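Q: Going line by line, the protein sequences match chains V and R.
Residue numbering for the first sequence follows this note's numbering, beginning at 1 and increasing consecutively.
Residue numbering for the second sequence follows this note's numbering, beginning at 1001 and increasing consecutively.
For each residue, glycine too, the CB sits at the ideal point set by N, CA and C.
Note that the structure is predicted; figures quoted are calculated from it, not measured.
This is the structure I have questions about; it appears just below.
2 protein chains.
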Amino acid sequence: MKKFAIGIDIGGTNTAIGVVDEDGNVLVKGGIDTPSHGDINQYVKDLAAAVREMIKSVTLLNPESEVLGIGIGAPNGNYYNGTIEYAPNLSFKGVIRLVDLLKAQFPEYKYLALTNDANAAAIGEMVYGGAKGMRNFVMYTLGTGVGSGVVVNGDLVYGHDGFAGECGHTTLIPNGRMCGCGARGHLEAYCSAPGMKRTAFELMAHYNATDSLLADKSFNELNSKMIYDAAVKGDKIALEVFELTGKYLGQGLADTVHHLSPEAIFLFGGPTAAGDFIFKPTIESMEAHLLPIFKNKIKVLPSKLSAGDAAIVGASALVWKELEK
Amino acid sequence: MKKFAIGIDIGGTNTAIGVVDEDGNVLVKGGIDTPSHGDINQYVKDLAAAVREMIKSVTLLNPESEVLGIGIGAPNGNYYNGTIEYAPNLSFKGVIRLVDLLKAQFPEYKYLALTNDANAAAIGEMVYGGAKGMRNFVMYTLGTGVGSGVVVNGDLVYGHDGFAGECGHTTLIPNGRMCGCGARGHLEAYCSAPGMKRTAFELMAHYNATDSLLADKSFNELNSKMIYDAAVKGDKIALEVFELTGKYLGQGLADTVHHLSPEAIFLFGGPTAAGDFIFKPTIESMEAHLLPIFKNKIKVLPSKLSAGDAAIVGASALVWKELEK
């Protein structure tokens, strides 16, 4: 009997769905639009129909199969209550009891769990990825924002209210850049992909860098991939963007180490594809900020989750994690 | 049968010892010098003799009593190994296997455990103090340095190597003040008692504050109690020291909240005796740095451990915590 879990990743515009086996292989994947109409009941119906369709196709391929449950990654996802709470980028307002609503659609599944996308990625890393066998680690996801998931003694830390692991909102620079959350100087404002773009524009302004390969791009055009491509060609601005981003990120990672003393910190997301450009200054900066007892002890590693499927795979990992309990 | 635990707090110059009951009452206390000779075997012998003497006097008072074990708080204490590792302020060099050495002296006790002093204080708060019944909280101890203890799901977080909970070394100000650990801009350099003194001297220099009540004290004379006394009298420099210390501390507490989402953060130590002078700006600053989902949710509370006995009581609490396991 082959065992499967459903992974659902709810984003602002798209909801990705996948059927995942115990080794983290995605057998079928698909998705529906995350609606802008705000009607949660309609959305849950559409979501359930899409999930059933996908299970059907997996069952055709593997007649001896069993689906054990559904794991969901969602912005502002609260594990304790199975709710999405006041997510600014979704059309569903207030507190959405998504796990209860899905349980009504799938009473046959014992394991239904929800958390935010970065927590799901951390669980994915633990169940399928580079953190297998690690009991204390932290995962940072660098993308449009910066998320994180904290694992202590083999369990994800949800904290008192279910929202722990928002390391992207530690303060790096007092009275620094505006963060999307309304506060100032947060890590996310510097180390997300848009944060890197902001750094590039600051540097071009500072040096009056008319000869930079980035100097012909508008603020809305420039992205972190272009900065990487320019760095590969030796563009001074682009190289300094990576130096500075690493310096900022390393400061934040050191704060995390001082709180939690993890075995490793995993980095996931677009900017990490730049390899040494980002890892080298990050590790240097982290080490410079650490207490002597932590120096040269903490591994900073690229995530082993494949970029395309990580969100689905991470969400599905929630099911295997629930099974352990 | 009354049950007791021994609490030992090892400081740079003095080792405090107490016999503590299940409610956190200290029945007998005393101590020996922490030696400067660096001979750990002699120290363990002296310590064991002092502990035995104290147990004898408790047994005289309570013939029907049982001592269950020994808990130790020590700088750079490693819970996992029962060791003190490279403590800069002790004369014992390298890695000291203190728990093993004490077990040889007290084979009759099942529960012997060691951690650093701030972790011990956090366990004390959980077992005897204001954190009774809380499963997720953090304790900051403000003194000569700034220590901390992190509790997640009812257990102290030791991390991968036993040294978690060094929140005093999060970076508040990039390239800021020199910290005693060698790095720059750490919280401890701003929010410890000496940190407050440094702020007072910076402010006097900035304003050329010849009329401040603090202006007649030398750098080596001034302490946080004097700053408090001056603040009570309305001294502008002293009041601004508390404002700034709270601003710095609140930034650090927000970083802690974003990592761990605790129910409460407890503050312990000399500077917290200033009450609203320190708590008000700390809470205001923390709130200003928080993500909306955390705002107005996290309690910042004074420790309920009595200042004089907290170190002994915290260390003894390790024994009751081990008993739970």
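1. Please list the segments of the alpha helix (DSSP H) lying wholly inside the stretch 45 to 112 of chain V, counting only runs of 4 or more residues, in order along the chain.
2. Determine the DSSP secondary structure at I1326/R, reduced to helix, strand or coil.
3. Below 8 angstroms, how does it come out for the stretch 120 to 132 of chain V and the stretch 143 to 154 of chain V: are there three or more Cβ pairs, yes or no?
4. Does the Cβ-Cβ distance between R177/V and E263/V come in under 9 angstroms?
5. Please state the DSSP three-state secondary structure of K1002/R.
6. Runs of 4 residues minimum, wholly inside the stretch 245 to 308 of chain V: which ones carry the alpha helix (DSSP H) assignment?
7. Decide if K321/V is buried, meaning its Cβ has at least 16 other Cβ atoms within 10 Å, or exposed.
8. Do L301/V and V257/V count as a contact pair if the criterion is CB distance below 9 angstroms?
9. Please give the ranges of any alpha helix (DSSP H) in the stretch 173 to 249 of chain V, keeping only runs that are unbroken, at least 4 residues long and fully inside the region.
10. Give me, in chain order, the residues of the same chain whose beta-carbon lies closer than 7 angstroms to that of M54/V; leave out the 5 immediate sequence neighbours on both sides.
11. Taking the C-alpha atoms as reference points, what is the distance between N1296/R and D1255/R?
12. Please compile the residues from chain V whose C-beta is within a distance smaller than 7 angstroms of the C-beta of N1136/R.
13. Assuming S316/V and G77/V make a contact with CB atoms under 8 angstroms, what is their CB distance in whole Å?
14. Give the straight-line distance between the Cα atoms of V313/V and A113/V, rounded to the nearest whole angstrom.
15. Within its chain, find whatever has a CB closer than 7 angstroms to the CB of N223/V; leave out the 5 residues flanking it on each side and keep chain order.
16. Who are the neighbours of Q251/V on chain R, taking C-beta pairs under 8 angstroms?
17. What is the rounded straight-line gap between the Cα of A231/V and the Cα of E240/V?
18. CA-CA distance, F1219/R and F1201/R?
19. Does chain R have any CB closer than 9 angstroms to the CB of L318/V?
20. Which word fits M1001/R, buried or exposed, when buried means at least 16 other C-beta atoms lie within 10 angstroms of its C-beta?
21. Under a Cβ-count criterion, where at least 16 other Cβ atoms within 10 Å of its own Cβ denotes burial, should Y80/V be classed as buried or exposed?
22. Let's see if you can read the secondary structure: which residues bound the alpha helix (DSSP H) around M126/V?
23. Within a Cβ cutoff of 6 angstroms, which residues of the same chain sit near K1304/R, ignoring the five residues on either side of it in sequence?
24. Among all the DSSP beta bridges, which residues are the ones paired with S36/V?
25. If I1173/R and L1203/R are in contact, beta carbons under 8 angstroms, what's the gap, nearest whole angstrom?
26. Can you tell me whether G1069/R is buried or exposed? The criterion is at least 16 other CB atoms within 10 Å of its CB, across all chains shown.
27. Based on DSSP bridge pairs, tell me the residues matched to G1162/R.
A: Reading off the structure:
1. 98 to 105
2. Nothing can be reported for residue 1326/R: it is not among the residues displayed for chain R, which extend from 1001 to 1325.
3. yes
4. On the first sequence, residue 177/V is found 177 positions in, with the first residue counted as 1. On the first sequence, residue 263/V is found 263 positions in, with the first residue counted as 1. No, Cβ-Cβ distance for R177/V and E263/V is not below 9 angstroms.
5. Numbered from its first residue, the second sequence carries residue 1002/R at position 2. If DSSP states are grouped into helix, strand and coil, K1002/R belongs with the strands.
6. 276 to 289
7. In the first sequence, the residue the question calls residue 321/V occupies position 321. Buried, since its Cβ has 16 or more Cβ neighbours within 10 Å.
8. Locating residue 257/V in the first sequence gives position 257, where the first residue counts as 1. Locating residue 301/V in the first sequence gives position 301, where the first residue counts as 1. No, these two residues do not count as a Cβ contact at 9 angstroms.
9. 188 to 191, 193 to 207, 224 to 232
10. Here residue 54/V is taken as the residue at index 54 of the first sequence, counted from 1. So the qualifying residues of the chain are I17, V19, V28, G30.
11. On the second sequence, residue 1296/R is found 296 positions in, with the first residue counted as 1. On the second sequence, residue 1255/R is found 255 positions in, with the first residue counted as 1. Rounded to the nearest angstrom, the two C-alpha atoms are 15 angstroms apart.
12. For the purposes of this step, residue 1136/R is taken as the residue at position 136 of the second sequence. The answer, in chain order, is G159, H160.
13. What you label residue 316/V is simply residue 316 of the first sequence in a count that begins at 1. What you label residue 77/V is simply residue 77 of the first sequence in a count that begins at 1. No, S316/V and G77/V are not in contact; Cβ-Cβ is about 15 angstroms, not under 8 angstroms.
14. On the first sequence, position 313 is the one that residue 313/V refers to. On the first sequence, position 113 is the one that residue 113/V refers to. The straight-line gap from Cα to Cα measures roughly 14 angstroms.
15. As a first step, residue 223/V is located in the first sequence; it is residue number 223 there, counting from the start. So the qualifying residues of the chain are A193, K197.
16. Within the first sequence, numbered from 1, the residue matching residue 251/V stands at position 251. Ordered by position in chain R, the residues that pass the 8 angstroms Cβ test against Q251/V are T1171, P1174.
17. Stepping through the first sequence from its first residue, residue 231/V is reached at position 231. Stepping through the first sequence from its first residue, residue 240/V is reached at position 240. Roughly 9 angstroms between the two C-alpha positions.
18. Working through the second sequence from its first residue, we reach residue 1219/R at position 219. Working through the second sequence from its first residue, we reach residue 1201/R at position 201. One C-alpha to the other measures close to 8 angstroms.
19. Residue mapping note: residue 318/V aligns to position 318 of the first sequence, counting from 1. Chain R, which has no Cβ nearer than 9 angstroms to the Cβ of L318/V, makes this no.
20. For the purposes of this step, residue 1001/R is taken as the residue at position 1 of the second sequence. Result: exposed.
21. Here residue 80/V refers to the residue found at position 80 when the first sequence is read from its first residue. Burial call: exposed.
22. Against the first sequence, residue 126/V aligns to sequence position 126. Note, M126/V: alpha helix (DSSP H), 117 to 127.
23. For the purposes of this step, residue 1304/R is identified with residue 304 of the second sequence, where counting begins at 1. Cβ within range, chain order: G1129, G1130.
24. Residue numbering aside, residue 36/V sits at position 36 when the first sequence is read from its first letter. In DSSP, S36/V forms no bridge with anything.
25. Stepping through the second sequence from its first residue, residue 1173/R is reached at position 173. Stepping through the second sequence from its first residue, residue 1203/R is reached at position 203. That belief does not hold up - the Cβ atoms of I1173/R and L1203/R are roughly 16 angstroms apart, past 8 angstroms.
26. By 1-based counting over the second sequence, the position of residue 1069/R is 69. Buried: at least 16 other Cβ atoms inside 10 Å.
27. For the purposes of this step, residue 1162/R is identified with residue 162 of the second sequence, where counting begins at 1. Answer is none; G1162/R lacks a bridge partner.
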